Amino acid sequence: MSDIAVYLVLSGAVFAGAFVSGLSGFAFSAVAGAILLHVFPPIEAVPLMMACSITVQAANLYALRKSMQWRTSLVFIAGGLLGVPIAIYLLQNVDTGIFRLGFGALVSLYAAYALVRPTAAYLRQMESQSRNALVGFGGGLVGGLTAMPGALPAIWCDIHGLPKTQQRGLVQPYIGVMQLFALALMLSHHSLSLKVLIDLGISLPALAAGTAAGIVLFGRINEAAFKRIILGLLLFSGLCLVI
Numbered sequence: 000m001s002d003i004a005v006y007l008v009l010s011g012a013v014f015a016g017a018f019v020s021g022l023s024g025f026a027f028s029a030v031a032g033a034i035l036l037h038v039f040p041p042i043e044a045v046p047l048m049m050a051c052s053i054t055v056q057a058a059n060l061y062a063l064r065k066s067m068q069w070r071t072s073l074v075f076i077a078g079g080l081l082g083v084p085i086a087i088y089l090l091q092n093v094d095t096g097i098f099r100l101g102f103g104a105l106v107s108l109y110a111a112y113a114l115v116r117p118t119a120a121y122l123r124q125m126e127s128q129s130r131n132a133l134v135g136f137g138g139g140l141v142g143g144l145t146a147m148p149g150a151l152p153a154i155w156c157d158i159h160g161l162p163k164t165q166q167r168g169l170v171q172p173y174i175g176v177m178q179l180f181a182l183a184l185m186l187s188h189h190s191l192s193l194k195v196l197i198d199l200g201i202s203l204p205a206l207a208a209g210t211a212a213g214i215v216l217f218g219r220i221n222e223a224a225f226k227r228i229i230l231g232l233l234l235f236s237g238l239c240l241v242i
């Protein structure tokens with residue numbers, strides 16, 4: 000593949016991932032990885048996607064800063080910080096392939112059910128701090144094993160029928176902290192290669208354009224459309240783990 004073709008593929012994948020992440024708050028790696036992992040070796044694609052995703056999360060946090068619910072999100076974050084190191088240990092010592100398949104199947108089944116679920120099936124209270132912390136722990140554990148830290152918190156918010164702004168306010172800080180923590184753990188063992196840094200620089204225009212477009216659309220869609228988008232992305236992400 001020529002350098003121009005690689006640049007076009009990289010920019011297209013990054014734009015698509017950034018657009019989806021700007022719109023929904025997560026799923027950058029699921030969307031961009033569906034393309035990049037077929038073009039770049041994992042040793043380059045994974046850290047590149049992580050760096051790009053953190054850049055998008057930073058933009059999301061700034062753009063939606065007035066909606067962020069840091070105090071409530073801290074409960075999820077505290078649990079998640081305990082889950083990530085366990086996931087790193089499991090990755091190094093246990094075959095986690097079966098877990099990825101099982102989790103992907105469960106997420107896909109939940110999303111498929113939720114797409115046809117009646118509104119009355121929502122739970123309306125989200126007051127248990129211990130349950131929120133447990134969901135955060137599960138998200139950190141799952142995120143370390145599957146690169147999907149936002150899946151469980153997003154499902155938890157959907158179960159409780161949270162409005163889109165409140166959901167983003169809770170999940171966005173959580174994902175940002177989890178990704179920064181995971182990147183710090185990765186950098187403690189391996190530094191980013193010059194190739195990854197160059198690709199990140201090349202990706203910045205597409206990252207900026209995709210994120211901006213996603214955030215603008217987020218502000219314009221209604222609650223029902225946002226929920227369908229979130230569930231569709233969960234379904235897509237789960238299937239990516241299974242297939």
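With numbering that gives the first Met the number 0 as the guide, the letters of the sequence shown map in order to residues 0 to 242. Just so it is clear, CB atoms sit at the ideal spot from N, CA and C, and this is done for glycine as well. All values reported here derive from a predicted model rather than from experimental measurement.
Margin query: Can you find the residues in the same chain that come closer than 8 Å, C-beta to C-beta, to Ile214, ignoring five residues on each side of it along the sequence?
Written below: Gly21, Leu22, Ala58, Asn59, Ala62 and Leu63
Notebook entry, point to check: Should the region 219-233 be regarded as contacting the region 7-18, the criterion being three or more beta carbon pairs within less than 8 Å?
Noted result: no
Note to self: Rounded to the nearest angstrom, what separates Ala212 and Phe25 at their Cα positions?
What the structure shows: 15 Å
Next item on the list: Grab me the residues of Ala77's own chain with a C-beta within less than 7 Å of its C-beta, minus the 5 sequence neighbours each way, in chain order.
Entry: Ala132 and Gly135
Next item on the list: Would you check if the region 179-195 and the region 41-48 touch, i.e. whether three or more CB-CB distances between them fall below 8 Å?
Entry: yes
Notebook entry, point to check: For Pro162, which residues from the same chain have a beta carbon less than 7 Å from its beta carbon, with the 5 sequence-adjacent residues on both sides left out?
Noted result: Glu222
Notebook entry, point to check: Run through DSSP, which three-state label would Val38 get?
Noted result: coil
Checklist line | Length of the line joining the Cα atoms of Ala113 and Ala146 | finding: 22 Å
Margin query: Closest to Ile174 by C-alpha separation, out of Ile201, Leu7 and Val141, would be which residue?
Written below: Val141
Checklist line | Inter-stretch contact (C-beta, 8 Å, three-pair minimum) for the region 150-164 and the region 182-190 | finding: no
Item checked: Length of the line joining the Cα atoms of Ala4 and Thr54 -> 24 Å
Next item on the list: State buried or exposed for Gly200, treating a residue as buried only when at least 16 other CB atoms are found within 10 Å of its CB.
Entry: exposed
Next item on the list: Mark Ala205 as exposed unless 16 or more other C-beta atoms lie within 10 angstroms of its C-beta, in which case mark it buried.
Entry: buried
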